[in-house]
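Have a look at the structure below before the remarks.
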Amino acid sequence: MAYSTDMGVRAIHEGIAAGEFSAREVAQASFEHIAKADADVHAYLELTEDAAFAAADKVDAAVADGTFEQMGPLAGVPVAFKDNMNMEGTHTTCSSKMLENYVSPYTATCVSRLVEAGGLPLGKLNMDEFAFGSSTETSAFGPTKNPWDLSRVPGGSSGGSAAAAAAGMACITLGSDTGGSIRQPASFCGVVGVKPTYGMVSRYGVVAFGSSLDQVGPFTRSVEDAAYAMDALCGFDPRDCTSQHFTPHFVDALSQGVEDMKVGIVPGFMDSPGLTAEVKEKVNEAAAKLEAAGAELVEVELPHADAAISAYYVLGPCEAFSNLARFDSVRYGYCAEGHKDLGGQYEGSRAGGFGMEAKRRIMLGSYLLSAGVYEKYYYPAQQVRRLITQDYERAYESCDVILIPTSPRAAFQFGEIGDPVEMHLSDIFTVSINIAGNGGMSVPCGLGSESGMPIGVQLVSPQFKDVNMFRAAAALEAAYGPAPVAPAFQAGE
Ligand code: GLN
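Counting from 19, one number per residue, gives the positions in the sequence shown under our numbering.
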């Protein structure tokens, strides 16, 4: 069988091993597909043809000398990276004017792990500026469009990563998730999106937003592909002081079924303001499917969930404010011309280099951390963080995984949510998982009855028990079928 851009990891591996196509052909076909599909979608900011073909040649050389099987399952698999991940020699812009001309002098661990596993790096993907946002509309280089309906947003902040996976423009893409930026766009674009437990995947080389909340994870069209990606990504990295020793066995866990599992459902969440009827329907339907697959449903409570958004929008901006201080036009980034003194240059460069949402976060963080204010907001937010973490710990005494919505609604139209607070409120179901440091993933459940757009449900696991959510995800996928490539972008169209 010839290579086609909708193939998953296993099919690519088997095709190359059997000599049906070469890794070079995979790279070639991927770039041809991107040239057509991305004219509409705008997921890629930069293509890395040289790196992809060099990686492909290594794979093809291994096939020729009989060592292909030793290369691991990602050999020859097209991969791509969110543009806040450093890859030596590429621009790492974070979709900002501030870093428009920044070229990475080194490579992030998450990038090198996929490339060392044999992945073909196709390029860098669009995002909300510095990962602030839920729609990819804040990119300084124009928005990415949702491959299922070009008038709608792909979600954010990893919108380019979600859209590329959904349109078959890479088999595995990486995103980062501080408050939902992998799971929400995965739900909007109808793909699998995983935010691993905090500390499971190295953050080294990923431009920081909220260092105590950020995690890197994959987008794929199948649960199995996500498991392959996780097996390659996870594990200790001495360059990230929060990285943990962990030996991943995600692919092996997929066949275990859910007969011995207890799935927590949270009835209190079903009355959340803004939760649409079609998402509610999907959560109930997914619960029924897990029960039919043999899991036991148990009701759990997360009593402090209401406070999660407030805590997140204190902690997140405080950490962002600190992390973005380095973009000062001297060490990094955009430099405004014509200033005589350093203070003026600093002010002018930050005023001109950052977009509106980044400025909003910086100003908020600076205010919240100032003397006298700190005690009123930052300190209580940390206390709320503890309460939310304890809520989850208590819930996991009676279940192995929790099933909740990913986003209150399906993908919205461009410009539909103009009010930043309304945009922030749409993170209601995702932020608490970053606050508690648990694993969370969004799994596609077909199309919504009203919008006709993809909808995902979210599975949440205790820390370092992310295999639990993969097992439940595999059961859901068995019931719903793997996510298709968005209809207009299927191979050959
Ligand atoms: N939408 C959230 C925010 O704007 C989450 C962003 C993220 O996870 N990077 O902060």
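Beta carbons: idealized from backbone N, C-alpha and C, even for Gly.
(request) Would you give the residue range spanned by the alpha helix (DSSP H) that M459 belongs to? (result) No alpha helix (DSSP H) holds M459; the beta strand (DSSP E) holding it covers 457 to 465.
(message) On the CB-based measure, 16 or more other CB atoms within 10 Å of its CB, does E511 come out buried or exposed?
(response) Summary for E511: the model assigns pLDDT 49, below 50, so the residue's position carries little reliability; its value from the coordinates is reported in the next sentence. Answer is exposed; the Cβ neighbour count stays below 16.
(request) List the endpoints of the continuous beta strand (DSSP E) containing L494. (result) Note, L494: premise wrong, no beta strand (DSSP E); alpha helix (DSSP H) at 484 to 498.
(message) Less than 8 Å between the C-beta atoms of A311 and A491, yes or no?
(response) For A311 and A491, no; Cβs fall outside 8 Å.
(request) Count the other CB atoms, across all protein chains shown, that sit within 10 Å of the CB of C252; report buried if there are 16 or more and exposed otherwise. (result) Burial check for C252: the Cβ neighbour count within 10 Å reaches 16 or more, so the residue is buried.
(request) Identify whether S230 lies in helix, strand or coil by the three-state DSSP scheme. (result) DSSP places S230 in coil when its eight states are reduced to three.
(request) Specify whether the stretch 225 to 239 and the stretch 268 to 275 touch according to this definition: at least 3 beta carbon pairs, one from each stretch, less than 8 Å apart. (result) The stretch 225 to 239 vs the stretch 268 to 275: no contact.
(message) According to DSSP, is T294 part of a helix, a strand, or is it coil?
(response) If DSSP states are grouped into helix, strand and coil, T294 belongs with coil.
(message) For a quick check, are the C-beta atoms of P500 and S240 less than 8 Å apart?
(response) In this structure, S240 lies closer than 8 Å to P500 by Cβ.
(message) I need the boundaries of the beta strand (DSSP E) containing E440, first residue and last residue.
(response) In the DSSP assignment, E440 falls outside any beta strand (DSSP E) and within the unbroken alpha helix (DSSP H) covering 438 to 443.
(request) Measuring alpha carbon to alpha carbon, tell me which of V44, A181, A47, P165 ends up nearest L143. (result) When each option's Cα is compared against that of L143, the closest is A181.
(message) For F507 and Y392, I'd like the C-alpha separation in whole angstroms.
(response) Y392 has its alpha-carbon roughly 49 Å from the corresponding atom of F507.
(request) May I ask you to report which of helix, strand or coil DSSP gives T127? (result) Residue state, collapsed to three classes: helix.
(request) Quick one: residues in its chain with C-beta nearer than 6 Å to the C-beta of G464, no 5 flanking neighbours on either side, listed in chain order? (result) These residues qualify, in order along the chain: Y498.
(message) Mapping the DSSP letters down to three states, classify D346 as helix, strand or coil.
(response) The answer is coil: DSSP assigns D346 none of H, G, I, E or B.
(request) May I ask whether a heavy atom of the ligand GLN can be found less than 7 Å away from the beta carbon of G198? (result) Result yes, Cβ under 7 Å from the ligand GLN.
(message) Following a CB-centred definition, is G512 positioned closer than 7 Å to any heavy atom of the ligand GLN?
(response) Nothing about residue 512 can be read from this structure; the chain reaches only from 19 to 511.
(message) I need the DSSP call for V281, collapsed to helix, strand or coil.
(response) V281 sits in a strand when the DSSP states are folded into three classes.
(request) Taking the CB atoms as reference points, tell me whether G151 and E375 lie closer together than 8 Å. (result) A contact, by the Cβ cut-off of 8 Å.
(message) Restricting to runs no shorter than 3 residues, where is the beta strand (DSSP E) found entirely within the stretch 212 to 265?
(response) Given a length threshold of 3 residues, each whole run of the beta strand (DSSP E) inside the stretch 212 to 265 is given here in chain order: 233 to 238.
(message) Excluding the 5 residues flanking S450 on each side, which residues of the same chain have their C-beta closer than 6 Å to its C-beta?
(response) Only A323, A326, I406 meet the Cβ criterion.
(request) Could you have a look at P96 and say whether DSSP puts it in helix, strand or coil? (result) Three-state result, P96: strand.
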